[in-house]
Amino acid sequence: MTRKAFVIGHPIAHSRSPMIHGHWLAEHGIDGTYERIDVPPEALEAFIRSLPRSGFAGGNVTIPHKETAFRLVDSLTERAERVGAVNTLVVEGDRVVGDNTDGLGFIAHLDHSLGADWPERAGHRAVVLGAGGAARGIVAGLLGRGMRVQIANRSPDNARSLAALDPEKAQALPWDALPEALPEMGLLINATSLGMVGHPPLDLDLAALPARAAVADIVYVPLETPLLAAARARGLAAVDGLGMLLHQAVPGFAAWFGVRPEVTPALRETIVADLVGK
Numbered sequence: 049m050t051r052k053a054f055v056i057g058h059p060i061a062h063s064r065s066p067m068i069h070g071h072w073l074a075e076h077g078i079d080g081t082y083e084r085i086d087v088p089p090e091a092l093e094a095f096i097r098s099l100p101r102s103g104f105a106g107g108n109v110t111i112p113h114k115e116t117a118f119r120l121v122d123s124l125t126e127r128a129e130r131v132g133a134v135n136t137l138v139v140e141g142d143r144v145v146g147d148n149t150d151g152l153g154f155i156a157h158l159d160h161s162l163g164a165d166w167p168e169r170a171g172h173r174a175v176v177l178g179a180g181g182a183a184r185g186i187v188a189g190l191l192g193r194g195m196r197v198q199i200a201n202r203s204p205d206n207a208r209s210l211a212a213l214d215p216e217k218a219q220a221l222p223w224d225a226l227p228e229a230l231p232e233m234g235l236l237i238n239a240t241s242l243g244m245v246g247h248p249p250l251d252l253d254l255a256a257l258p259a260r261a262a263v264a265d266i267v268y269v270p271l272e273t274p275l276l277a278a279a280r281a282r283g284l285a286a287v288d289g290l291g292m293l294l295h296q297a298v299p300g301f302a303a304w305f306g307v308r309p310e311v312t313p314a315l316r317e318t319i320v321a322d323l324v325g326k
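Taking the working numbering, the leading residue of the sequence shown gets 49, the next gets one more, and so forth.
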């Protein structure tokens, strides 16, 4: 029987997830499909309620549905409950389980790009820009690796809400206070849409970051954002957003199709070629 999965969002035409999962389906010779489905916010509840009768094994959830899906699923994994957002749905009988693999994907990409000892080299200090669904997964992942995290967001209330994940190791940072905080940070992460094609650039001077610092951006269109270009110009380690997208997809594919895939150079090259082609 053909196994079916999906990615939902609004809009959704830009998603590269079908290319990722299609690559793995072909690589493993699996009889399966993975499709884009545009679901406007007002239709999300009905869509999730229909999943046990739909023939889908599950799917991914992207902007703007991650936090709403959290409230609509029948049950949550421990990490999704901790994060407060859902990016992966798994149909189990007549129930829909919500998971969050953003943090797993981000941390796996840091391990791959910087080496497993990056928390020590970063002095266990990070600043995260943004407080949305992706940022919540990232902050939870950082806390799980023993990092102390400051969260800067244009909306202070959202930053404080995210810092409540661990009040001893996380705190909200006023956006205007970023320049003063940077000298203490070994890792800076842009978890906003600033710098993405069609969005304003992230206007941030990196001069105050220490020479050992690394800079990561979850934006992958363009692959080399102005933030990453500025980091490289300073000689800092720079981590693009594509790896997070690739690594976060692994647990979902395993749940829907029964095989745990690997993020290989060939997969990355396939997606990069598509990004460059656009």
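Even glycine gets a Cβ: it sits at the ideal position worked out from N, Cα and C. Computed from a predicted structure; not experimentally measured.
Here the C-alpha atom of V311 lies approximately 15 Å from the C-alpha atom of D150.
The residue among G57, L257, P59 and E75 with its C-alpha nearest the C-alpha of R308 is E75. For the pair G132 and L152, the Cα-to-Cα distance works out to about 15 Å.
The Cβ atoms of V145 and S123 sit closer than 7 Å to each other. The C-alpha of T240 lies about 14 Å from the C-alpha of M292. Bounds of the beta strand (DSSP E) holding L235 are L235 to N238. Its chain contains R169, A262, A285 and V287 as the residues whose beta carbon lies nearer than 8 Å to that of L162, once the 5 sequence neighbours on both sides are disregarded; these appear in chain order.
Excluding its 5 nearest sequence neighbours in each direction, D214 has C-beta neighbours in its own chain below 7 Å: L191, listed in chain order. Nearest C-alpha to N206 among G194, Q219, G189 and E90: Q219. The DSSP-derived three-state label of A212 is coil. In this structure, the straight-line span from the alpha carbon of P59 to that of P227 is close to 34 Å. At the C-beta level, T125 and D147 come within 7 Å of one another. In the DSSP secondary-structure assignment, N108 is bridged to V55 and T136. Residue burial annotation: A211 is buried, with at least 16 other C-beta atoms found within 10 angstroms of its C-beta. If the five residues before and after A279 are omitted, its C-beta is found closer than 7 Å to the C-beta atoms of L254, V263 and A286, all from its own chain and listed in chain order.
Boundaries cannot be given for A256, as no beta strand (DSSP E) includes it and DSSP labels it neither H nor E. Around the beta carbon of D79, fewer than 16 other beta carbons lie within 10 angstroms, which makes this residue exposed. In the displayed model, S65 falls within a helix according to three-state DSSP. For G300, there is no enclosing beta strand (DSSP E); the residue is found in the alpha helix (DSSP H) stretching over L290 to F305.
Annotation: G192 is outside any beta strand (DSSP E); the continuous alpha helix (DSSP H) that includes it extends over G181 to G192. Residue state for L271 is assigned as coil, using DSSP reduced to three classes. Secondary structure of I78 (DSSP, three-state): coil. Judged by pairs of C-beta atoms under 8 Å, the segment 192–200 touches the segment 165–182, as three or more such pairs exist. Across the set P89, E129, L236 and P299, the C-alpha of L236 shows the shortest separation from the C-alpha of L275. The shortest C-alpha to C-alpha distance from H247 to any of L230, T273 and A225 is the one to T273. Proximity to F154 across P66, L290 and P313 peaks at L290, based on C-alpha coordinates.
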